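**Student:**
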Amino acid sequence: MSDDILRRRRLLAATLGAAAVLPIAAACTTAEPDDPQFRSPTTDAPAARNVRDFGAVGDGIADDTKALAAAVAKDPDGPLVLYLPAGHYRVESMPDLPDYATILGDGADVTTIVYAGNGTLVRLRKRSRVRFARLGIFTTGPGSTAVELSECFRCSFDAVVLRGNHLSDNHPQYLTQRGVVLRDNTGGTAFINCDINNFGIGLTTSCIQNYVTSSKFTSNHTGVLGTGNDHNAGLALTNVEFVSDQNPLTTDRHLRVDGAANDWWLTNVWFEGAEVALSVGENGRGGPAQFGMVNAKVAARSVGLELNYCRQPYLANVIFDAESRPPGIPVRVDPVGCPEGTAVGLISGITDDIPVETFPTGWNVMGRKGMRTPRFTGTVVSQAGPHGADVFQAQSSDGAVRAAVTADGTWVCEHADNGPVLKAPDGGYWRLTVSDDGKLSTVALGRKRPGA
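Count the sequence shown with mature numbering (1 follows the signal peptide of the UniProt record, and there is no 0) and you get residues -26 to -1, 1 to 426, in order.
1) Over the uninterrupted alpha helix (DSSP H) stretch that includes Ala44, give me the two end residues.
2) Please report how far the alpha carbon of Asn213 lies from the alpha carbon of Asn269, in whole angstroms.
3) Please identify the residue among Leu414, Glu249 and Asp327 whose C-alpha is closest to the C-alpha of Ser298.
4) Contact check, Ser189 vs Asp219 under 8 angstroms by CB: the rounded distance?
5) Using C-beta distances below 8 angstroms, list every residue in its chain close to Tyr57, excluding the 5 sequence neighbours before and after it, in chain order.
6) Compute the distance between the beta-carbons of Thr179 and Gln151, then report whether it is under 8 angstroms.
7) Cα-Cα, which of Asp326, Ala251, Val198 and Asp38 is closest to Arg64?
8) Buried or exposed: where does Lys271 fall if 16 or more other Cβ atoms within 10 Å of its Cβ makes it buried?
9) Check whether the segment 111 to 126 and the segment 138 to 158 are in contact - that is, three or more C-beta pairs closer than 8 angstroms.
10) Below 6 angstroms CB to CB, which residues in the same chain sit around Gln264 once its five sequence neighbours on both sides are set aside?
11) Which of helix, strand or coil does DSSP assign to Glu331?
12) Val25 by DSSP, collapsed to three states: which one?
13) Between Pro116, Ala75 and Ser102, which has its C-alpha nearest Asn92's C-alpha?
14) Excluding five sequence neighbours on each side, which residues of the same chain lie with their C-beta closer than 6 angstroms to the C-beta of Arg275?
15) In whole angstroms, what separates the C-alpha of Ile321 from that of Phe294?
16) Taking Pro399 as the reference, give the member of Lys413, Gly420 and Val379 with the closest Cα.
17) If Val277 and Arg306 are in contact, beta carbons under 8 angstroms, what's the gap, nearest whole angstrom?
18) Return helix, strand or coil for Asn269, following the three-state DSSP convention.
19) Quick one: is Phe216 buried, meaning 16 or more other Cβ sit within 10 Å of its Cβ, or exposed?
20) Ignore the nearest five residues each way along the sequence and tell me which others in Phe165's own chain have a CB closer than 6 angstroms to its CB.
21) Bridge partners for Val354 per DSSP, in chain order?
22) Assign Ser130 to one of three DSSP states: helix, strand, or coil.
23) Relative to the alpha-carbon of Gly255, which residue among Asn171, Asp27, Val231 and Arg405 has its alpha-carbon at the smallest distance?
24) Measuring straight from C-alpha to C-alpha, what distance separates Leu71 and Thr332?
25) Can you check DSSP and say which residues form a bridge with Val121?
26) Do you know how far the Cα of Arg376 is from the Cα of Asp391?
27) Taking only the alpha-carbon atoms, compute the straight-line gap between Lys100 and Leu252 and give it to the nearest angstrom.
28) Rounded C-beta distance between Gly311 and Asn257? I'm assuming under 8 angstroms.
29) Give the DSSP-derived three-state secondary structure of Ala(-1) in the structure shown.
30) Taking just the CA atoms, how far does Phe106 sit from residue 427?
31) Near Gly341, what residues of its chain come up, given a Cβ to Cβ distance below 6 angstroms and the 5 sequence neighbours on each side ignored?
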């Protein structure tokens, strides 16, 4: 992978740093308070409560905590649709949100909630179908968490940007910053078209299945962490990018599962800019029952995919690229923790192919130039083709045919020295040979099995 390709997908630290000064710039351009266009702008949700009507300023300087709380408390028994027009809303906390609440902004990069504390900004507990859309959350406290969901179901984040302060320049100051924490049986949470950037850990999950789609993780020290050692835990990621720069202080691992889990499914994913792109399972602790990665591009400085412990890993149509000189290891599989698995159609941008020896002998491996399977169960059928080609060939390492089964079922030994071998009752081995005049004879081979 060339440096140009890598650079086109990275967010420069300077760009992220510039975004942090937007609240100050906004203070210089805020309209007059009596301007109705900015006091009560319209939205596509007519029932929404405009936080400006409750005293919010949105200039990045004024404290808008009470205004947001007043807007939520206005009608505690009615449905809540909260609208934050374009602006930067500095808050010390977020009000408690009821079931089915919707929080709307004008855009993920123009409506931003700014939190400088070290606690959790958005904390949902035992809530259902709470929705955040078209807004951003920027946390600056070294110990802060942007969003935490506990025992919540079917909540969603649509076109939301979550951003912390972690950069290689300030490592390790913000390693304890968290973007999203999913815990305590939270399920069905959907992140759609979201960006989670610059946290110590972008997303932490220790609960049942949740979903990330068409989203991007940028410059997190750990992008996604599966933890909790819970056999029911899992995550599904589809059309997701994980990117960072080449500084080792920025990103250690894009995705890590540190113990027992249920299902981890990755489809159409991109990884670049980490020491280890994916680390799955932990020896002595456990790993997922299933880990599947289909249609993926993986690059890392040290190891692309590290499979430490998993009952049933499945890899298909994955390309592994170099990101350092010398290149790192594309795939590393622990034969004890991952003795069985399936790898189909893996290719390398570094070497001609991913060597079949990369995978333990219990794996089913199908590559560009061959297939290896530990066993066939049941009847194996090889049907003759239309042109009389052999239905089976045994070849030497140089490709020479040593024996074959022809289309009509005839067994052919192509070399006189590798005829059929029979084992005698006393344990000795004998090879059948034939002379030039067609006479059969035997050659004693001793008690050691030929080819062993």
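All residues carry an ideal CB built from backbone N, CA and C; glycine is no exception. Just so you know, these numbers come straight off a predicted model, no measurement behind them.
**Tutor:** Concretely, from the data shown:
1) Thr39 to Ala47
2) 10 angstroms
3) Glu249
4) Wrong, their Cβ atoms sit about 19 angstroms apart, outside the cutoff.
5) Thr17, Ala19, Ala22, Arg23, Asn24, Val25, Leu78 and Gly79
6) no
7) Asp38
8) buried
9) yes
10) Asp237 and Gln286
11) helix
12) helix
13) Pro116
14) Glu249, Glu297, Ser298 and Gly302
15) 6 angstroms
16) Gly420
17) 5 angstroms
18) strand
19) buried
20) Phe131, Val186 and Ser189
21) DSSP lists no partner for Val354.
22) strand
23) Val231
24) 51 angstroms
25) Val96 and Val154
26) 10 angstroms
27) 32 angstroms
28) 5 angstroms
29) Bear in mind that the predicted position of Ala(-1) carries a pLDDT of just 44, short of 50, making it unreliable; the figure below should be weighed with that in mind. Residue state, collapsed to three classes: helix.
30) This structure gives no information on residue 427, because the portion of the chain shown stretches from -26 to 426.
31) Asp327
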